[in-house]
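Participant: Protein chains in written order, with my numbering: chain A, 25 to 419; chain B, 40 to 338.
First the structure, which I've put down as structure tokens, then a few questions once you've had a look.
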Amino acid sequence: MKIHEYQAKQLLAAAGVKVPRNVVATTPDEAAAGFTQLAGELAVVKSQIHAGGRGKGRFKEQPNQPGVVLVRSADTARENAEKMLGNTLVTIQTGDEGKQVSVVLIEEGLKIAKELYVGVVVDRETGGPMLIASSEGGMNIEDVAHNTPEKIIHEAFDVEAGLLGYQARNVAYRLGLDGVAVRNAEKLLKQLCQFFIDKDCSMVEINPLVVTADGDLVVGDAKVTFDDNALFRHQDLLPLRDLNEEEPNEVAAQKFGLSYVKLEGNLGCLVNGAGLAMSTMDIIKYHGGAPANFLDVGGGANVEQVTEAFRIILADPNVKGILVNIFGGIMKCDTIVTALLSAYDNIGIKVPLVVRLEGTNVELARKMLAESGKKITIGTDLTDAAKKAVASLGA
Amino acid sequence: MSILVDKNTRIICQGITGKSGLFHSQQCRAYAKEHRPGENVFVGGCTPGKGGTEIDGFPVFNTVEEAVQKTGANCSLIFVPPPFAADAILEANDAGIGLIVCITEGIPVLDMARVHRAMVGSKSRLIGPNCPGIITPGVAKIGIMPGYIHKPGSVGLISKSGTLTYEAAWQLGNVNLGQSTAIGIGGDPIIGTTYIDLLEMFQADPQTESILLIGEIGGNAEVQAAEYIKAHVTKPCAAFIAGATAPPGKRMGHAGAIISGGSGTAAEKQAALEAAGVEVAKSPADMGAAVQRAIAKRK
Numbered sequence: 025m026k027i028h029e030y031q032a033k034q035l036l037a038a039a040g041v042k043v044p045r046n047v048v049a050t051t052p053d054e055a056a057a058g059f060t061q062l063a064g065e066l067a068v069v070k071s072q073i074h075a076g077g078r079g080k081g082r083f084k085e086q087p088n089q090p091g092v093v094l095v096r097s098a099d100t101a102r103e104n105a106e107k108m109l110g111n112t113l114v115t116i117q118t119g120d121e122g123k124q125v126s127v128v129l130i131e132e133g134l135k136i137a138k139e140l141y142v143g144v145v146v147d148r149e150t151g152g153p154m155l156i157a158s159s160e161g162g163m164n165i166e167d168v169a170h171n172t173p174e175k176i177i178h179e180a181f182d183v184e185a186g187l188l189g190y191q192a193r194n195v196a197y198r199l200g201l202d203g204v205a206v207r208n209a210e211k212l213l214k215q216l217c218q219f220f221i222d223k224d225c226s227m228v229e230i231n232p233l234v235v236t237a238d239g240d241l242v243v244g245d246a247k248v249t250f251d252d253n254a255l256f257r258h259q260d261l262l263p264l265r266d267l268n269e270e271e272p273n274e275v276a277a278q279k280f281g282l283s284y285v286k287l288e289g290n291l292g293c294l295v296n297g298a299g300l301a302m303s304t305m306d307i308i309k310y311h312g313g314a315p316a317n318f319l320d321v322g323g324g325a326n327v328e329q330v331t332e333a334f335r336i337i338l339a340d341p342n343v344k345g346i347l348v349n350i351f352g353g354i355m356k357c358d359t360i361v362t363a364l365l366s367a368y369d370n371i372g373i374k375v376p377l378v379v380r381l382e383g384t385n386v387e388l389a390r391k392m393l394a395e396s397g398k399k400i401t402i403g404t405d406l407t408d409a410a411k412k413a414v415a416s417l418g419a
Numbered sequence: 040m041s042i043l044v045d046k047n048t049r050i051i052c053q054g055i056t057g058k059s060g061l062f063h064s065q066q067c068r069a070y071a072k073e074h075r076p077g078e079n080v081f082v083g084g085c086t087p088g089k090g091g092t093e094i095d096g097f098p099v100f101n102t103v104e105e106a107v108q109k110t111g112a113n114c115s116l117i118f119v120p121p122p123f124a125a126d127a128i129l130e131a132n133d134a135g136i137g138l139i140v141c142i143t144e145g146i147p148v149l150d151m152a153r154v155h156r157a158m159v160g161s162k163s164r165l166i167g168p169n170c171p172g173i174i175t176p177g178v179a180k181i182g183i184m185p186g187y188i189h190k191p192g193s194v195g196l197i198s199k200s201g202t203l204t205y206e207a208a209w210q211l212g213n214v215n216l217g218q219s220t221a222i223g224i225g226g227d228p229i230i231g232t233t234y235i236d237l238l239e240m241f242q243a244d245p246q247t248e249s250i251l252l253i254g255e256i257g258g259n260a261e262v263q264a265a266e267y268i269k270a271h272v273t274k275p276c277a278a279f280i281a282g283a284t285a286p287p288g289k290r291m292g293h294a295g296a297i298i299s300g301g302s303g304t305a306a307e308k309q310a311a312l313e314a315a316g317v318e319v320a321k322s323p324a325d326m327g328a329a330v331q332r333a334i335a336k337r338k
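The following block contains the structure:
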């Protein structure tokens, strides 16, 4: 689960991490009042969406308006907020459709001496959490890792003990900090790593982490993602979820125990199992088609789930045909076909449908399909099914 | 021979009184009865609070320790729900269970980090979590895979996925290739047994003549496996990587199946495997044939 920058900063502040003084605004007047309340010479007005690249992003309705702006008066704070709120911000990460901004953050300006990068992730190789840091703050960390890998510091830490003092100091010195900044960094890095563990995060990213002229370390921007599988023990975090940021069909799919990801193509697919679902997308592409989605109906696909799966696939107007690929193991093929046929009637499928079945009771299942009187094409194997499904789009 | 599972394997199920736990325990027991009539292979289960009872002929114990004492179990199949699954793994580890197979999907990743830490230096081996389990065809099935699609034979099969493994086993069957042992290592970011652990075992196993490795996007385990193959594996190897069409930054069903920061793509994994001399199937329909090609090349 992703959250907004302003929410991340509130949680980090509660954990003792230093964040800039700020005010959350949902109207232009609140933005103006926020500037006045901060009582500084300058402030930053920041659009709140989950995607990055906001500073370089522009609004669909206001093509000259950037997503992040430095302002020097309450009036300019109001004007900028007015052009942001309710409008659609397009950045390098949002895709062409962009994301609607409904909250802006008004934040005090900082005296920036240096910008660093700090992140915490789960490292697969060491099987535990890892702190990542770089002196190249404010830049895309993936570019830094690619172009100058020597500037990335990795520090694996123990999930029970947290980041130890000496580990934090080692990182601080390698970042080129000195004096009071080292002590501040030790404190902040330990807090961040503890926050990561306490809240079951899957990622915490502070970019930039600002070092001020006084050696203070302050969170410039914050991205926090929580492990969905651990949310059951963090009920307090659930209200932070913003459904407006999520693909509505992906949200609907979750409610029915389905795993769905929308893609750009026009051939929908319905598959059991994540690996087979990815492979089905791949074979569609391999035979010249373009998959419209990833959809895993899981191991126990029943009538309700299969019906919902078809509904979700067909909610995408790009879909011009559907390929069903089921390997029936414990779940027998005939059971799946029963669900498939009911779903077919429930939904009233109008686009070409190609079904490939294999596994337990496959003969019975194919017979049921053939005798159903429905316009369903049977694929004899994976290749045959993919070719027929791709061809069906041209018909 | 085979790896990890043999005629001495004695299985219990943690979570045997749950719906899935009981169903799959019955399936595994039936598989053992069919292939090794008269032998007691699936010896019972555990559910705290239900010790001393019986369910469909399986004796139920409160603790794994007690189950081990009373039944001689050396393998545990775990169906405990996600919030308690890490605890179940460590209970089996502490009771000295040699082979722990965790099917549970959805365990918090930091729970698995704690398991990983606690099992450093342990004599127990964990398979999974979030996996279909392990099968030595004709000997024992410890997992949720349909037993009949796996024929006894000479291919060592390692996969991150469930139904894609069944697809592979079925394709292998179509070209008259069975498996020595087939293992699902799981689709989570932190898992117990890795590709490399199993490559080492398959390389050493006399029954295994070739290896099929099925991977997917996310992480770099397949790249490490490729490096290991290049340096240490002399048997013919084939591979398939799922997710060539997956967009970056989106989790594809499995918790670990995500391309992040431009790394973990199918293309880079395929390239690494090809560079290691592995026969890479470009289409998922080509897995069986790829193993045949790998074998033919060595002759």
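Backbone N, C-alpha and C define an ideal beta-carbon position, used for all residues, glycine too.
Note that the structure is predicted; figures quoted are calculated from it, not measured.
Tell me the residue span of the beta strand (DSSP E) that contains A:H178.
Facilitator: Counting along the chain, the beta strand (DSSP E) containing A:H178 begins and ends at 176-180.
Participant: Taking the alpha carbon of A:V204 as the reference point, which residue from A:T236, A:G186, A:L216, A:V183 has its own alpha carbon closest?
Facilitator: Of A:T236, A:G186, A:L216, A:V183, the residue nearest in Cα terms is A:T236.
Participant: Kindly give me the distance between the Cβ atoms of B:I280 and B:A207, rounded to whole angstroms, as I take these residues to be in contact under 8 Å.
Facilitator: At roughly 13 Å, the Cβ-Cβ gap does not stay under 8 Å, so B:I280 and B:A207 are not in contact.
Participant: Between the beta-carbon of B:A152 and the beta-carbon of B:I229, is there less than 7 Å?
Facilitator: Taking 7 Å as the Cβ cut-off, B:A152 and B:I229 qualify as a contacting pair.
Participant: From the beta carbon of B:E261, is the nearest beta carbon of chain A less than 7 Å away?
Facilitator: Closer than 7 Å: no.
Participant: Given a threshold of 16 other Cβ atoms within 10 Å of its Cβ, counted over all protein chains shown, does A:P44 qualify as buried or as exposed?
Facilitator: Flag for A:P44 reads buried.
Participant: Does B:L149 have its Cβ less than 7 Å from a Cβ in chain A?
Facilitator: True, the Cβ-Cβ gap to chain A drops below 7 Å.
Participant: Determine the chain B residues that contact A:P153 at a beta-carbon separation under 9 Å, and present them in chain order.
Facilitator: Within 9 Å Cβ-Cβ: L149, A152.
Participant: Residues in its own chain within less than 7 Å of A:G445 by CB, not counting five upstream and five downstream?
Facilitator: No information on residue 445 of chain A is available, as it lies outside the stretch 25 to 419 that chain A covers here.
Participant: Please work out which residues of its chain come closer than 6 Å, Cβ to Cβ, to A:I165, disregarding the five sequence neighbours upstream and downstream, and give them in chain order.
Facilitator: Only Y141 meet the Cβ criterion.
Participant: Which of the three DSSP states, helix, strand or coil, is assigned to A:D245?
Facilitator: Coil at A:D245, not helix or strand.
Participant: Excluding sequence positions up to five away, which residues of its chain have a Cβ less than 6 Å from the Cβ of B:R49?
Facilitator: Cβ neighbours of B:R49 beyond the five flanking positions: V82, G111, A112, N113.
Participant: When the Cα atoms are used, what is the spatial distance from B:A221 to B:N215?
Facilitator: Taking the straight line from one Cα to the other gives about 16 Å.
Participant: Below 7 Å CB to CB, which residues in the same chain sit around B:A106 once its five sequence neighbours on both sides are set aside?
Facilitator: Same-chain partners within the cutoff: I51, G83, C85, F100, A112.
Participant: Using a Cβ cut-off of 7 Å (strictly closer), state whether A:L282 contacts chain B.
Facilitator: Not one chain B Cβ lies under 7 Å of A:L282.
Participant: 7 Å is my cut-off, CB to CB: does B:H293 come that close to chain A?
Facilitator: Yes, B:H293 counts as interfacial toward chain A.
Participant: So, is A:Q72 buried or exposed, given that buried needs 16 or more other C-beta atoms within 10 angstroms?
Facilitator: When all chains shown are included, A:Q72 counts as buried.
Participant: Per the DSSP calculation, A:N71 is bridged to which residue(s)?
Facilitator: It is worth fixing the name first, because residue 71 of chain A is Ser in this sequence and not Asn. Its beta-bridge partners are A:V128.
Participant: Under 7 Å between C-beta atoms, does B:Y205 make it to chain A?
Facilitator: It does: the Cβ of B:Y205 has a partner Cβ on chain A nearer than 7 Å.
Participant: Just checking, does the stretch 140-155 of chain A make contact with the stretch 115-126 of chain A on the three C-beta pairs under 8 Å criterion?
Facilitator: Counting Cβ pairs under 8 Å, fewer than three are found: no touch.
Participant: Compile a chain-ordered list of the residues in the stretch 290-323 of chain B whose CB is closer than 9 Å to at least one CB of chain A.
Facilitator: Taking 9 Å as the Cβ-Cβ cut-off against chain A, the residues of the stretch 290-323 of chain B that qualify are R290, M291, G292, H293, A294, G295, A296, S299, G300, G301, S302, A305, K321, S322, P323.
Participant: What number of angstroms, rounded off, separates the C-alpha of A:G200 from the C-alpha of A:E29?
Facilitator: A:G200 and A:E29: Cα-Cα distance of roughly 27 Å.
Participant: Looking only at its own chain, which residues have a Cβ that is under 6 Å from the Cβ of A:L377, when we skip the five neighbours before and after it?
Facilitator: If we look at A:L377 and ignore the five residues flanking it on each side, its Cβ neighbours are I346, I400.
Participant: Assess, as a yes-or-no matter, whether the stretch 299-309 of chain A is touched by the stretch 277-291 of chain B under the definition of 3 or more beta carbon pairs within less than 8 Å.
Facilitator: Touching, yes, given that three or more Cβ pairs across the two stretches are closer than 8 Å.
Participant: Which parts of the stretch 128-204 of chain B are runs of the alpha helix (DSSP H), unbroken and 4 residues or longer, counting only runs that do not cross its ends?
Facilitator: Runs found: 148-157.
Participant: Going by DSSP, what residue range makes up the alpha helix (DSSP H) through B:A310?
Facilitator: Where B:A310 is concerned, the enclosing alpha helix (DSSP H) stretches over 305-314.
Participant: Under 8 Å, with one C-beta from each stretch per pair, do the stretch 328-335 of chain A and the stretch 302-312 of chain B reach the 3-pair mark?
Facilitator: With the cut-off at 8 Å, the stretch 328-335 of chain A and the stretch 302-312 of chain B do not touch.
Participant: Hey, could you find the ends of the beta strand (DSSP E) A:K286 is sitting in?
Facilitator: Segment 283-286, the beta strand (DSSP E) holding A:K286.
Participant: Between the Cα of B:Y234 and the Cα atoms of B:R290, B:C276, B:S322, B:R337, which residue gives the shortest distance?
Facilitator: Looking at the Cα atoms, B:C276 is the closest of the given residues.
Participant: Contact criterion: CB-CB distance below 7 Å. Does A:Y197 meet it with respect to chain B?
Facilitator: No, no contact with chain B.
Participant: Within 7 Å of any Cβ in chain B, is that where the Cβ of A:G161 sits?
Facilitator: No, A:G161 does not count as interfacial toward chain B.
Participant: Drop a sphere of 10 angstroms on the beta-carbon of A:K286, count the other beta-carbons inside from all chains shown, and report buried for 16 or more, exposed for fewer.
Facilitator: The residue in question, A:K286, is buried, as its Cβ has 16 or more Cβ neighbours within 10 Å.
Participant: What is the DSSP secondary structure of B:F241, reduced to helix, strand or coil?
Facilitator: Helix.
Participant: Ends of the beta strand (DSSP E) at A:K138?
Facilitator: Note, A:K138: beta strand (DSSP E), 136-147.
Participant: Residues in the same chain with beta-carbon distance under 7 Å from B:A296, minus the five sequence neighbours each way, listed in chain order, please.
Facilitator: Excluding positions up to five away in sequence, the list reads G226, E255, I256, G257, G282, R290.
Participant: Helix, strand or coil for A:R45? Go by DSSP, reduced to three states.
Facilitator: Three-state DSSP puts A:R45 in coil, outside helix and strand.
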